[in-house]
Structure formats: C-alpha cells, structure tokens
Amino acid sequence: MLYKHVLKNISIPIITGITSSIGSVIGGVSTTETVFEWYGMGRFMVR
36 MLYKHVLKNI SIPIITGITS SIGSVIGGVS TTETVFEWYG MGRFMVR
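So, in structure tokens, the structure goes:
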C-alpha cells in the first residue's frame, strides 16, 4: 500500500531533483578546476 500510493507519486520529483543536482555538480567542478587549476575529473570532462 505504501508503494502504490506514496512512493509512486513521490519518485518523479525525487529523480528530477537528483538529476538536476548531478548536472550542477559536474558544471561547478569543471569551472572550479579550470579557474584554480586543480586537475581532476572536471578537467578530463572538459577535454
């Protein structure tokens, strides 16, 4: 009953929030690494 009524309706906003947060983190990491020249995954993604 919990899955049918609650989790089904709340899963879409949670997934949307998580995916938008991941995009923001990736963008922020690449910008920070480019500005401060801290090499890592952001630099790898930019290249």
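Quick note: the sequence shown uses the numbering used here, first residue 36, plus one each step.
C-beta: ideal position from N, C-alpha, C; glycine also.
Reduced DSSP category for residue i - H, G, I as helix; E, B as strand; rest coil
i, result
"Tyr-38", "helix"
Beta-carbon gap between residue i and residue j smaller than 8 angstroms
i, j, result
"Trp-86", "Thr-67", "This structure cannot settle anything about residue 86, because the visible part of the chain is limited to 36 through 82."
Range covered by the alpha helix (DSSP H) that runs through residue i
i, result
"Gly-75", "It is not in any alpha helix (DSSP H) - Gly-75 carries neither H nor E in the DSSP assignment."
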